[in-house]
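Presented below is the structure to which this report refers.
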Ligand code: SF4
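Written out as structure tokens, the structure is:
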């Protein structure tokens with residue numbers, strides 16, 4: 015009987031562990047090995063993916079496997095359609111409207127699709143400078159990104175805001191602004207890079 019109880023506890027413990035996202039070693043997952051440069055969706059003129067009116071690009075592919083992921087189909091690197099020059103031109107044109115505040119990158123995992131995301135953010139800066147802001151969501155934390163590959167650090171350097179960290183079901187909170195779970199942070203990237211530590215974003219009212 016004691017043995018059966020112990021086995022049950024063991025199984026429960028394993029089930030609990032399997033309900034957590036994956037934790038990669040630094041540089042274990044590289045866009046150069048993983049990205050198929052596919053897009054799950056593009057949503058222009060939305061109000062939910064950050065501050066103000068935004069154009070949101072959802073890239074395909076993510077390996078964090080968060081239980082309860084809000085966009086599970088986009089975990090597949092082959093999901094969706096190819097990123098094309100025509101789509102990029104459309105995004106740049108959409109951003110040109112005066113009422114659009116900026117671009118948002120989501121997924122999937124933008125930092126595992128740096129080929130697409132870097133090309134786009136470089137063009138946004140070339141065309142609009144800092145008139146349009148750039149937000150990105152990532153399953154990586156700020157601290158993890160500091161130990162990551164050069165392409166991920168380069169993408170980070172183009173951002174204004176990073177919403178970081180995996181979605182954790184145990185910390186799910188639907189009342190949070192722009193986040194699904196309480197562990198996630200809204201980080202002001204330029205100030206954080208300068209301070210060499212994460213500085214939380216304060217909305218301007
Ligand atoms: S990091 Fe985001 S996209 Fe990736 S599995 Fe977690 S919730 Fe889904």
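Numbering (the working numbering), first residue to last: 15 to 219. Glycine included, C-beta positions come from ideal geometry on N, C-alpha and C. What you are looking at is a predicted structure, and each value in this text was computed from that prediction instead of being measured.
Element boundaries [alpha helix (DSSP H), containing residue i]
i	result
residue 103	99 to 109
residue 147	First-last for residue 147: 147 to 151, but that is the beta strand (DSSP E), not the alpha helix (DSSP H).
residue 45	45 to 48
residue 165	164 to 171
CA-to-CA distance, residue j to residue i, given in whole angstroms
i	j	result
residue 212	residue 120	20 Å
residue 200	residue 99	30 Å
residue 137	residue 148	12 Å
residue 51	residue 214	30 Å
residue 88	residue 123	9 Å
residue 18	residue 182	Reliability fails at residue 18, whose pLDDT of 49 lies under 50, so the model's placement of it is uncertain and the value that follows must be treated cautiously. Their Cα atoms are separated by approximately 30 Å.
residue 53	residue 65	22 Å
residue 144	residue 204	12 Å
residue 168	residue 152	14 Å
residue 171	residue 70	19 Å
residue 132	residue 44	14 Å
residue 210	residue 216	18 Å
residue 175	residue 90	25 Å
residue 193	residue 187	8 Å
residue 156	residue 94	28 Å
residue 79	residue 92	15 Å
residue 189	residue 159	27 Å
residue 118	residue 86	19 Å
residue 165	residue 202	19 Å
residue 140	residue 83	33 Å
Range of the contiguous beta strand (DSSP E) that encloses residue i
i	result
residue 56	52 to 60
residue 87	Looking at the DSSP string, residue 87 is not in any beta strand (DSSP E), and its letter there is neither H nor E.
residue 187	Neither: residue 187 is in no beta strand (DSSP E) and is coded neither H nor E.
residue 221	Residue 221 lies beyond the range of the chain shown here (15 to 219); nothing can be said about it.
residue 74	Looking at the DSSP string, residue 74 is not in any beta strand (DSSP E), and its letter there is neither H nor E.
residue 137	Counting along the chain, residue 137 falls outside any beta strand (DSSP E), though it belongs to the alpha helix (DSSP H) covering 128 to 142.
Under 9 Å between C-beta atoms of residue i and residue j
i	j	result
residue 77	residue 116	no
residue 72	residue 56	yes
residue 74	residue 129	no
residue 108	residue 58	yes
residue 173	residue 150	yes
residue 126	residue 49	yes
residue 40	residue 161	yes
Which listed residue (the options) has its alpha carbon closest to that of residue i
i	options	result
residue 191	183, 63, 157, 86	63
residue 42	168, 216, 163	163
residue 198	179, 112, 103, 40	179
residue 9	91, 101, 95, 105	Absent from the structure is residue 9, since the part of the chain shown begins at 15 and ends at 219.
residue 67	208, 79, 113, 157	113
residue 177	154, 184, 217	154
residue 36	44, 134, 81	81
residue 33	101, 217, 185	185
residue 110	142, 217, 188	142
residue 102	92, 91, 134	134
Heavy atom of ligand 3 within 8 Å of residue i beta-carbon
i	result
residue 181	By its list of ligands, the structure shown excludes ligand 3, since it contains just ligand 1.
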